[in-house]
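Letter by letter, the sequence shown follows residues 126 to 636 of our numbering.
Glycine included, every Cβ here is placed at the ideal spot set by N, Cα and C.
Take a look at the structure below.
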Amino acid sequence: MSQLPLPNFIEVAQTLERDDLVRIYSSDGLTPINERVDLELKYTDLLITTAEFNRKLVSYQGNKRVTFHSWLKYKEGFSAELVENLLDKFRVASGQTILDPFAGSGTTLLVAQGRGVNAVGIDVLPICHVVWNAKAQYRQFDVQTLHNIKEWVSSNSPKGGSSFPHIPITASAFSEEHERKLMGYKEYVDGLDLDAATRNLLQLVFMSILEDISFTRKDGQYLRWDTRSKKAQHRDRRRVEKGMNPYRKFTKSLILDVESALVDALDRIIRDIEQVKDAPVLDSKQQLIAGTVLEILPKQPSEQFDAVITSPPYCNRYDYTRTYALELAFLGLSHEDIVRLRQEQLSCTVENRSKLDQLNAFYSEIGREGDFSEITHVIDQNKALQEVFSVIESRAERGDLNNKGVVQMVRGYFTELAFVIYELFRTAKPGASIAIVNDNVRYGGEIIPVDLIMTDLASAFGFNPIIIYSLQQRKGNSSQQMGKYGREALRKSITIWKKPDSNPEHSMEAN
Ligand SMILES: C[S@@+](CC[C@H](N)C(=O)[O-])C[C@H]1O[C@@H](n2cnc3c(N)ncnc32)[C@H](O)[C@@H]1O
């Protein structure tokens, strides 16, 4: 597994032999690995390490300064450049229709809009809809109104009377002064006579500054709390009372002033709108549907998408409802709403419960019991996946997992993804190409080749696996896992599949 930098666009095929794979997969020799090794060998010809895609491209980093895309720092997003690249690769033309079933901040939809490509997105998280509505309606905003608001903000320091709609996990996220100012500016905006699109845009503006003006930082699985916050102090006091050490000190180097953060956000938005307001618009339609993909996609008509570009949540315990708690609370979601939303997300946290009964009931309700049985049959027959389920369970029994919820998370994650992949096949047009960005993971020393398992499920549902691009920069392991199980870094991949063309004459490989 070469780590030497590859010149751009040079691709290197995987050359691992069975012995190499056995070494990589067996951490302590206590659990079976054969099915995963066989799976690696089955797809070895498709595994290509490439410098064409890098970490910046498959993450939000690449969007940081891109017009519109930078309006909300959605750290789980991929870059507009990646979507452009894939649309080129798949030769998606204006007038065609693409799907992103985990649309997030709308990167795929926005790129489609710029190219006159129709797009359907789905996302369960309410903040994504505020972001998309703002980006999609950029032509409707009156720039002078935004300038006036910005001027008012920079020359007034209101004393807000209302309080932030906190839920237990956000309490004390702001200093009193910051919270007072934030709510003061919000009251000012609420009192203006504005149309619905501008109100939505201003909601996005407020949402986009919450982390920067708070004592919190989004940190993977959780929100991290600055030691100066009441919550962190309270937590530490309780630990000390119990004879434990306080948490390691964490101080944010910069907590922005509310007014300068608002002015910066408005500046950026005004600049972007002014930059493109006279650009020609290509006729096309993009739509973001609210709700869970597990119920929305099965209701979509068959064979309508020319391509799919997406990135589901990774199987990495990242809890969007925790990291985006401030933004969700700001939008008025209650604690109960957030708990419900966590369960609706594709299982990627240790708190997720099985959705299988729910899916069973849902597929019966829509008269597709046969499809439910077919999907669960494919899951049950997938040997590598069954090996993963069983080794993760035995790791839990041996006490090798630091949270037993990982067992259900992994089971739920692949079960639900199988339903999504099945529906992707059904809704894709013959000849459609599919690109899925995902990371492999490891728990209790067990490597889970997410890219290959997804590909194998896709193949069982009828897709032709085309290529699995593996990024040259792999994903580091936690130092704990590295110490215990060796230094093998994990693949970050873009898997490409294709629905067979009904007319073989037109068949075209994704190049
Ligand atoms: C990795 S992010 C996608 C980011 C997106 N590519 C972008 O550029 O912003 C995964 C998204 O899946 C969404 N999601 C998770 N579970 C879902 C579900 N059951 N139905 C629909 N969307 C879901 C999350 O809310 C999140 O926005």
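Inset, instruction - Determine the closest residue to residue 507 out of 179, 567, 583, with distance taken between C-alpha atoms. - result: 583
Inset, instruction - Leaving out five residues on either side along the sequence, give the residues of the same chain with a beta carbon under 8 Å from the beta carbon of residue 392. - result: 275
Inset, instruction - Report the three-state DSSP secondary structure of residue 542 (helix, strand or coil). - result: helix
Legend entry - Segment limits, beta strand (DSSP E) that includes residue 158: That residue, residue 158, is in no beta strand (DSSP E); it is neither H nor E in DSSP.
Legend entry - Integer Cβ distance of residue 624 from residue 550, believed to fall under 8 Å: 6 Å
Legend entry - Check: residue 522 C-beta below 6 Å from any heavy atom of ligand 1: no
Inset, instruction - Report the partner residues of residue 246 according to the DSSP bridge assignment. - result: 225, 413
Inset, instruction - Tell me where the alpha helix (DSSP H) around residue 330 begins and ends. - result: 321 to 334
Inset, instruction - Reducing DSSP to helix, strand and coil, say where residue 443 ends up. - result: In the structure shown, residue 443 sits in coil (DSSP, three-state: anything other than H, G, I, E or B).
Inset, instruction - Specify, as a first and last residue, the run of the alpha helix (DSSP H) that residue 251 falls within. - result: 251 to 261
Inset, instruction - Return the CA-CA distance between residue 338 and residue 332, expressed in angstroms with no decimal places. - result: Roughly 11 Å separates the two Cα atoms.
Inset, instruction - Pick out the complete beta strand (DSSP E) segments inside the region 374 to 414, 3 residues or longer, and give them in chain order. - result: none
Legend entry - Alpha-carbon spacing of residue 284 relative to residue 222, whole angstroms: 49 Å
Inset, instruction - Determine, using beta carbons only, whether residue 600 comes closer than 7 Å to chain D. - result: Looking at the structure shown, chain D is missing, and only one protein chain is on hand.
Legend entry - Cβ neighbours of residue 383 in the same chain (closer than 8 Å, five flanking residues each side left out): 303, 306, 307, 310, 334, 338
Legend entry - Which of helix, strand or coil DSSP assigns to residue 575: helix
Legend entry - Distance between residue 468 and residue 195 (C-alpha atoms, nearest Å): Straight-line Cα distance between these residues: approximately 28 Å.
Inset, instruction - In the DSSP assignment, find the beta strand (DSSP E) that holds residue 306 and state where it starts and stops. - result: Element bounds for residue 306: not the beta strand (DSSP E) but the alpha helix (DSSP H), 301 to 315.
Inset, instruction - Kindly indicate which residue of 150, 248, 436, 142 has the alpha-carbon position closest to the one of residue 205. - result: 436
Legend entry - Per-residue burial, residue 317 [other beta carbons within 10 Å of its own, 16 or more giving buried]: exposed
Inset, instruction - From the DSSP output, in three-state form, read off residue 556 for me. - result: Reduced to three states, the DSSP call for residue 556 is strand.
Inset, instruction - Please report the residue range of the alpha helix (DSSP H) in which residue 271 lies. - result: 268 to 280
Inset, instruction - Flag residue 201 as yes when its Cβ comes closer than 6 Å to any non-hydrogen atom of ligand 1, and as no otherwise. - result: yes
Inset, instruction - Report the rounded CA-to-CA distance for residue 298 versus residue 532, giving the unit in angstroms. - result: So the two alpha carbons sit approximately 32 Å from each other.
Legend entry - Bridge partner(s) assigned by DSSP for residue 236: DSSP, once it has assigned bridges, lists no residue as partnering residue 236.
Inset, instruction - Excluding the 5 residues preceding and the 5 following residue 229 in the sequence, name in chain order all residues of the same chain whose CB lies nearer than 7 Å to its CB. - result: 199, 201, 202, 248, 253
Inset, instruction - Just mark residue 528 as buried or exposed, buried being the case when its beta carbon has 16 or more other beta carbons within 10 Å. - result: exposed
Inset, instruction - Could you have a look at residue 66 and say whether DSSP puts it in helix, strand or coil? - result: The question about residue 66 has no answer here: the residues shown for the chain are numbered 126 through 636.
Legend entry - Beta-carbon spacing of residue 349, residue 342 below 7 Å: yes
Inset, instruction - State yes or no: is the C-beta of residue 438 nearer than 6 Å to some heavy atom of ligand 1? - result: yes
Inset, instruction - Return yes when at least one heavy atom of ligand 1 lies under 6 Å from the C-beta of residue 569, else no. - result: no
Legend entry - Extent of the continuous beta strand (DSSP E) to which residue 430 belongs: 430 to 435
Inset, instruction - Return the CA-CA distance between residue 619 and residue 179, expressed in angstroms with no decimal places. - result: 11 Å
Legend entry - 6 Å Cβ shell around residue 322 - same chain, five flanking residues per side excluded: 262, 265
Inset, instruction - Output the distance between the C-alpha atoms of residue 287 and residue 389, rounded to the nearest integer angstrom. - result: 24 Å
Legend entry - Paired residues, beta bridge with residue 138 - DSSP: 173
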